[in-house]
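See structure below.
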Amino acid sequence: MKTLFKTAILFLTLSFISCEDVIDVDVQTAPSRLTVEASLDWEKGTTGNEQTIKLSMSTPFFDTTTNTAVTGASVKVTNDSNGTEFVFTDQGNGEYSTSSFVPVIDQSYTLEIQHDGETYSATETMMSVTDITEINQSREDGFDDEALEVNIFFTDPEEEDNYYLFRFQEQGDLLPDFEDLDDEFVNGNEIPWYYEKDDDDDTEEFVPGDVIDIALYGISEDYYNYIRILIEQSGGVDLFGTIPVALKGNCINPTNPDNYAHGYFRLTQVVRASYEFE
995 MKTLFKTAIL FLTLSFISCE DVIDVDVQTA PSRLTVEASL DWEKGTTGNE
1045 QTIKLSMSTP FFDTTTNTAV TGASVKVTND SNGTEFVFTD QGNGEYSTSS
1095 FVPVIDQSYT LEIQHDGETY SATETMMSVT DITEINQSRE DGFDDEALEV
1145 NIFFTDPEEE DNYYLFRFQE QGDLLPDFED LDDEFVNGNE IPWYYEKDDD
1195 DDTEEFVPGD VIDIALYGIS EDYYNYIRIL IEQSGGVDLF GTIPVALKGN
1245 CINPTNPDNY AHGYFRLTQV VRASYEFE
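Residue numbers for the sequence shown follow my numbering, beginning at 995 and rising by one.
Written out as structure tokens, the structure is:
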């Protein structure tokens, strides 16, 4: 009986081992595309003349290539009203810079990139931003009534549509957090906005002595619609949510539409501040 039992165990073990087949999964890949980081941000209190645009090539998810910088491209931004051209000089590392840009609120500009025989373009308008009027801290406005949060206050301009982007980053953290706002239901009012660390992201709560950098951007409606989806998709996988859509920016290829570029050309005015928790 013992021999029969041992034989049965051995047979089952061999059966399970024989079922461990290697399965090759074909992973879909997308064509490599030009990726454009063209955020021309005019900080209040500065001339805004120094601006940089970054170009790179997208790679497959499992690709180990680390240097994807694009060099040798031609990059310029044109004021659509008077035709003034601002040429961005190749720095040899994927960055293209100028020290002569002239930002004008409510002015339309067009970005043109020539790379690898293709031309890419995008048009945007420089948007204004209101000032931050107050920054303080509390423990009562967030989801956790025991956690510290930072509060910023600003007054939304009346009789116009405004869209905002917030950037929060504790000094020492690797990545910032972004949040967006449409003034549809708060037009013309003083707006309080709070930010606290999210326990779901395994981040430590703020403690006295922590310093957070804050940026408030005025953005266009088109960029608001783009960044809102991007923020939602970057929040993680929701098993019961909708399938993420392929997110296209505003950088088109007029002669070869299928070979569009990733990224976005935006022009914003921004106010920055830092706050140390007490």
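Heads up, the beta-carbon is just placed ideally off N, CA and C, and yes, glycines get one too.
With a cutoff of 7 Å on beta-carbon distance, S1050 and V1069 are scored as not near each other. Residue state for D1177 is assigned as helix, using DSSP reduced to three classes. Under DSSP, Y1258 takes part in a beta bridge, and its partners are E1031. Membership of N1219 in the alpha helix (DSSP H) is indicated by the continuous run E1215 to Q1227. Between E1134 and F1147, the gap from beta carbon to beta carbon reaches 7 Å or more. Bounds of any beta strand (DSSP E) do not take in S1122, whose DSSP letter is neither H nor E.
For L1210 against V1144, the beta-carbon gap comes to about 12 Å, at or over 8 Å, which does not count as contact. When R1222, D1074 and L1261 are compared, the shortest CA-CA separation from K1242 is found for R1222.
Contact check for N1253 against N1247 passes: the beta carbons are separated by less than 7 Å. Within the same chain, and ignoring the five residues on either side of L1105 in sequence, the residues whose Cβ sits closer than 7 Å to its Cβ are A1032, V1071, S1115, A1116 and F1259.
Within the same chain, Cβ atoms closer than 7 Å to the Cβ of E1079 are found at K1070 and T1072, the five residues on either side in sequence being excluded. Distances from the CA of F1271 to each of P1151, H1256, Y1220 and E1190 were compared; the closest alpha carbon is that of E1190. Within 10 angstroms of the beta-carbon of N1043 lie fewer than 16 other beta-carbons, which makes it exposed. Secondary structure note for Q1108: its beta strand (DSSP E) is the uninterrupted segment S1102 to H1109.
Straight across, the Cα-Cα distance linking P1170 with D1207 is about 9 Å. In the structure shown, P1251 falls within a helical segment according to DSSP collapsed to helix, strand and coil. Beyond the five residues adjoining it in sequence on each side, D1035 comes within less than 6 Å, by CB distance, of T1262 and V1264 in the same chain, given in chain order.
Taking each of K1038, T1113 and V1030 in turn and checking the Cα distance to N1250, the smallest one comes out for T1113. Distance between I1185 and D1150, taken at the CA atoms: about 7 Å. DSSP, reduced to helix, strand and coil, places L1049 within a strand of the structure shown.
Excluding its 5 nearest sequence neighbours in each direction, K1038 has C-beta neighbours in its own chain below 8 Å: V1123, D1125, Q1263, V1264 and V1265, listed in chain order. Residue pairing from DSSP places I1206 in a beta bridge opposite E1164 and Y1269.
Within the same chain, and ignoring the five residues on either side of S1093 in sequence, the residues whose Cβ sits closer than 8 Å to its Cβ are N1043 and E1044.
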